[in-house]
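The opening position of the sequence shown corresponds to residue 1101 in the working numbering, with each subsequent residue numbered one higher. We put the CB at the ideal spot given by N, CA and C, even for glycine. What you are looking at is a predicted structure, and each value in this text was computed from that prediction instead of being measured. See structure below.
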Amino acid sequence: MKSLMEYLGIEAGRYQTAWISGAEGIKFQQTMQ
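Structural data, given as C-alpha cells:
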C-alpha cells in the first residue's frame, strides 16, 4: 500500500491505515477524529 501511495505522489504523512471491524464503533470514531 505504501509503495502505491508513493507511486501516486501521495506523501506518507497524509494518510493512515487502520483495520477496524463493524463492531468497533468507538475505535472508528477515535480514529476519525
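Secondary structure of residue i, DSSP reduced to three states
| i | result |
| --- | --- |
| Ile-1126 | helix |
| Ala-1112 | helix |
| Thr-1131 | helix |
Distance, residue j Cα to residue i Cα
| i | j | result |
| --- | --- | --- |
| Thr-1117 | Leu-1108 | 16 angstroms |
| Ala-1123 | Arg-1114 | 26 angstroms |
| Glu-1111 | Lys-1127 | 25 angstroms |
| Thr-1131 | Lys-1102 | 19 angstroms |
| Gln-1133 | Met-1105 | 22 angstroms |
| Gly-1125 | Trp-1119 | 12 angstroms |
Limits of the alpha helix (DSSP H) - the one that residue i falls within
| i | result |
| --- | --- |
| Tyr-1107 | 1102 to 1107 |
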